[in-house]
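One structure is given here, and the rest of the page talks about it.
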Amino acid sequence: VIHLSTGIASSNASLNTSPECLWRGITCTAGLVREISYEEPLGGSIPFEIGELTHLVIFDIEDANLVGTIPPSIGNLHRLVFIDLNGNSLTGSLPDSLYDLSNLQVLDIDTNLLTGTISADIGNLQRLSFLQLESNAFTGSIPDTLGNLFTLQQATFDNNQFTGTMPESVCANRGDGIAGGFLLVLN
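For the sequence shown, this note's numbering gives the first residue as 5, with consecutive numbering after it.
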């Protein structure tokens, strides 16, 4: 939040004297940051210090002109249930620590410049119901362990550089497409 604070601070709250709970886009409970939600041009990067906000549940900064990488410290946010960073210019690969977020239900990182492969550890995200990876530059194959995510209702992979076929385990036991409650988008 430190690097993002320049854009988030409300006009009537000084960064040096007001707690972050008074900043625009920040929601707190009992003085603890629980939500960061921002959908306007902001600029900057996600600081390593984001990992210090261990009570954060919602991290929603979309279309905000963010650059740089997703820091590995994001793995410290074990209460996170919602990550939406779509429509930015984030680069690099997904940090391995992301796959330790066992409460995560929504991961929306589409329309960035992310690269690398999707780790088989994505199967650790047992509560994930919504996964949007489209419009990045991911490579490699889609991990078979994605089929272990029985709560997954929607997954999008289009406009990447994935190779191979969709693992059978991903579509197994999912019903019959949208009528069965599962939507899969490929290109």
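No residue lacks a Cβ here, since even glycine has one placed at the ideal position from N, Cα and C.
For I62, the three-state DSSP class (helix, strand or coil): strand
Cβ-based neighbour list, T21, same chain, cut-off 6 Å, excluding 5 preceding and 5 following: At T21 the pLDDT is 34, less than 50, meaning the model places this residue with poor confidence; the figure from the coordinates comes in the next sentence. Closer than 6 Å at the Cβ level, and outside the excluded window around T21, lies no residue.
Proximal residues to N16 (C-beta, below 6 Å), its chain only, five neighbours per side dropped: The predicted model places N16 with a pLDDT of 34, which falls under 50 and marks its position as unreliable; any figure quoted below should be read in that light. Hits under 6 Å: none found.
Burial state of A34, where buried means 16 or more other Cβ atoms lie within 10 Å: Only exposed fits A34, as fewer than 16 other CB atoms lie within 10 angstroms of its CB.
Contact under 7 Å by Cβ, S123 with G151: No.
Contact check, G55 vs Y42, beta carbons under 7 Å: no
Buried or exposed by the 16-neighbour rule on C-beta atoms within 10 Å, applied to A141: exposed
Residue(s) in a DSSP beta bridge with G79: In the DSSP output, where bridge partners are listed per residue, G79 has none listed.
Nearest-angstrom Cα separation, counted from A176 out to G91: Distance between the alpha carbons of G91 and A176: 31 Å.
Neighbourhood of G127 by C-beta distance below 6 Å, restricted to the same chain and skipping five residues each side: T149, N152
Run of the alpha helix (DSSP H) containing E44, from where it starts to where it stops: Premise fails: E44 is in no alpha helix (DSSP H) and is neither H nor E.
Contact set for D64: own chain, Cβ-Cβ below 6 Å, skip 5 residues either direction: Contacts found: S41, D88.
First and last residue of the uninterrupted beta strand (DSSP E) at S173: No beta strand (DSSP E) holds S173; the alpha helix (DSSP H) holding it covers 172-175.
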